[in-house]
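Working notes for the structure below.
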Amino acid sequence: MMIVVENISKKYKVSRQDLSLKTLRESVADVFVKKTKEKEFYSLKDINLQVGKGETVGIIGHNGAGKTTLLKILSQITYPTVGNAFLYGRVGSLIEIGAGFHPELTGHENIFLYGSLLGMSHSEIKRKYERIIYFAEVEKFIKTPIKFYSSGMNIRLAFSIAAHFEPEILLLDEVLAVGDMNFQEKCVQKIDELANNGHTTLLVSHDMDRILKHCKRTIWLNKGELKMDGKSDEVVEAFLGFDD
Amino acid sequence: MEDNLSKTLSLSSDKKTAMTSAENKPYIKIYPDKKWYDLDWKRMWRQRDLLKSFVLRDIRLRYRQTLLGVLWAIIQPLAPLLIFTLIFSRFFSEFNQGIPYAVFVFCGLVPWLYFSNAVNQSGNSLSHHSYLIGKIYFPRLFLPLSSIIAGGLDFLVGFGLLIFLLLFYGVGISVNILFVPFLWVLLGILALSIGALFASLSVVFRDVKNLLPFILQLGLFLTPVIYPSKALPESVQWITKINPLTGIIENMRAVLLGTDFAWTELGITLIWIACLSFIAMIVFVRVQKYTADYI
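Residue numbers (the numbering used here), protein chains in the order written: chain A, 1 to 244; chain B, 1001 to 1295.
Structure (structure tokens):
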């Protein structure tokens, strides 16, 4: 097993989410004034999941079903309220590619910044450097600050760095829809390649064709609960036929 | 021959099972609770190149976009030096054992500017990077820590100017200068503790961000930077005595100018550092868990 998720729940307090940040005055006031009732809601409820080595598993569900929350917990961005998870390998989390790019820095500098943010060492980046800029098709502009890049170039560079990270476990959230058609195809091929090389992948997507194409197995989250876990065609069919 | 081969084969398969059992230890464990000391040390070591990247980024950004570039690192300490020398030099001459005021004040100004910039940058580091924190995991301590380290370049430039000033005024340099790195490390740890504390508090309370510049401004006057502690009336000398920066700044002067060592103050500084770093760690570990949810 590469990913083991045990009884994970994530609770949010709604009123706190609205405020998101409290001021000092508000929290001092909270001590004296009767607390406004905080509505609790579960973004994830008692999720159990095991993913084996080399599996590519799709995650589908309506907005607010908890797909991204699950990915964020596995990426260690946020913590579960209850439950444990164990990951048996280097994790590459691509909730949003290119997070951490700095517009004032050159392409070259951003490769090292973003690469090490993902978890690569500098020597590893140096080793893959040529391949990264070749794949991204930005050789000519590598000494230019990326604020002068087109958005397409930006995304290509980000994806290229991420794709060369080669983690054992890949967590993807709708990042496939990047760049022009040509580059999209290249990305899809790269993902296939990663999946075929024994990488374990979780793929969150709203695009059922993409899920059917890449994942043999799919799980369906509904209002934070794991509604179905099985073969992709069966799960997708059930999901599309489901009317809440 | 065949026997040998099968032997190696079985050996290698033994090795393989041993390896897979080692692989069975999770690489990443996710629990709802973190131990109070768990800053994710292992991950910090594994991802140490990221710290380097952050430091390089901070340094590049500070100097690249400005017209005068690196000159700012020189102007920044020289401007207050000039102002303070013009205004205060005649007041404190009787306390200074014949040391020119410009040298005296610069010995305090260089560590103070480093400290206040470092606390300011690191104190805002989490809220500045809120976008990043919600998108990807990395050891969060790298954010305040990189500000502290990147500020070291300013300190080095300032220190170079200080040495120039010492020679210019004919004060000379003794072998005691070798203690400066030690004092600098103390200053860095102190700044990191306070900066990390402010960074985590400003995640939970918005106001803290506005409070910080005010506190730092006040700090300049409560620290013997522009005046010697001895110049204060005795009834209020306790203020500089309990100030954690006094032990560093007074000893910086002792080391460079040959004034008396302030051992008591150094002890007080060490006690502050022990307490503050301990508290800062507990608070930071607690807060970093929720940072992505709050921001």
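Idealized CB from N, CA, C, for every residue including glycine.
About 5 Å separates the beta carbon of A/Leu221 from that of A/Gly66, a gap short enough to meet the 8 Å contact definition.
A/Gly100 is positioned such that its CB atom lies closer than 8 Å to that of A/Leu113. Residues of the region 1047-1064 of chain B with a C-beta less than 9 Å from any C-beta of chain A: Gln1047, Arg1048, Asp1049, Leu1050, Leu1051, Lys1052, Ser1053, Phe1054, Leu1056, Arg1057, Arg1060, Leu1061 and Arg1064, listed in chain order.
With at least 16 other beta carbons inside 10 angstroms of its own, A/Tyr79 counts as buried. Per the Cβ contact rule, the region 111-130 of chain A is not in contact with the region 200-211 of chain A (fewer than 3 Cβ pairs under 8 Å).
Inter-residue distance for A/Gly230 and A/Phe242 is about 16 Å (C-alpha atoms, whole angstroms).
In terms of CA proximity to A/Lys53, B/Asn1024 leads the group B/Arg1048, B/Asn1024 and B/Thr1066. In the three-state reduction of the DSSP assignment, B/Gly1098 falls in the coil class, being assigned neither a helical nor a strand state. Against chain B, the beta carbon of A/Gly89 has neighbours under 8 Å at Tyr1027, listed in chain order. Between the C-alpha atoms of A/Val57 and B/Ile1059 there is a straight-line separation of about 42 Å. One finds Ile77 in chain A with Cβ atoms closer than 7 Å to the Cβ of B/Gly1134, taken in chain order.
Just measuring C-alpha positions, the residue of B/Leu1270, B/Leu1167, B/Leu1201 and B/Ser1174 sitting nearest B/Leu1256 is B/Ser1174. Relative to the Cα of B/Tyr1169, the nearest Cα in the group B/Ala1102, B/Met1281 and B/Asp1260 belongs to B/Ala1102.
Shown here for B/Thr1066: same chain residues with a beta carbon closer than 8 Å to its own, the five before and five after excluded, namely Trp1072 in chain order. Neighbours of A/Thr81 across chain B, judged by C-beta separation under 8 Å: Pro1032. Taken in chain order, the complete alpha helix (DSSP H) segments of 4 residues or longer contained in the region 1210-1287 of chain B are 1237-1242 and 1246-1257. The region 1112-1122 of chain B makes contact with the region 1142-1155 of chain B; the number of CB pairs closer than 8 Å reaches 3 or more. Annotated as distal: B/Thr1291 and B/Ile1249, with beta-carbon spacing of 8 Å or more.
According to the DSSP assignment, A/Lys10 belongs to the beta strand (DSSP E) that extends over Ile3 to Lys13. Judged by DSSP secondary structure, A/Ser232 falls within the alpha helix (DSSP H) whose first and last residues are Ser232 to Gly241.
Less than 8 Å separates the beta-carbon of B/Pro1139 from that of B/Gln1047. Just measuring C-alpha positions, the residue of B/Arg1043, B/Leu1187 and B/Gly1267 sitting nearest B/Leu1113 is B/Leu1187. Counting only the Cα atoms, B/Ile1177 lies some 31 Å from B/Leu1143. Assigned with DSSP and collapsed to three states, A/Pro80 falls in coil, not helix or strand. Contact annotation for A/Gly119 against chain B: Gln1047 [CB-CB distance below 7 Å, chain order]. The DSSP-derived three-state label of A/Glu168 is coil. Taken in chain order, the whole beta strand (DSSP E) runs of length 3 or more contained in the region 66-122 of chain A are 82-87 and 91-94. Of all residues in the region 1124-1153 of chain B, the ones placed with a Cβ closer than 8 Å to any Cβ belonging to chain A are Tyr1131, Leu1132, Ile1133, Gly1134, Lys1135, Ile1136, Tyr1137 and Phe1138, in chain order. A/Thr69 and B/Ala1254 have their C-alpha atoms spaced approximately 56 Å apart.
Excluding its 5 nearest sequence neighbours in each direction, B/Phe1092 has C-beta neighbours in its own chain below 7 Å: Tyr1101, Tyr1227, Pro1228 and Ala1231, listed in chain order. The residue from B/Leu1051, B/Tyr1031, B/Phe1084 and B/Leu1050 with its alpha-carbon nearest to that of B/Leu1220 is B/Phe1084. Following the DSSP letters along the chain, one finds B/Leu1192 in no beta strand (DSSP E) but inside the alpha helix (DSSP H) bounded by residues Val1180 to Val1204. Contact with chain A is found for B/Asp1293, since one of that chain's Cβ atoms lies less than 8 Å from the residue's Cβ.
DSSP, read as helix, strand or coil, puts B/Pro1032 in coil. For the pair B/Ile1282 and B/Trp1036, the CB atoms are nearer than the 8 Å cut-off.
Setting aside the 5 residues that flank it on each side, B/Leu1141 is surrounded in the same chain by Leu1039, each with a C-beta closer than 6 Å to its C-beta; the list follows chain order.
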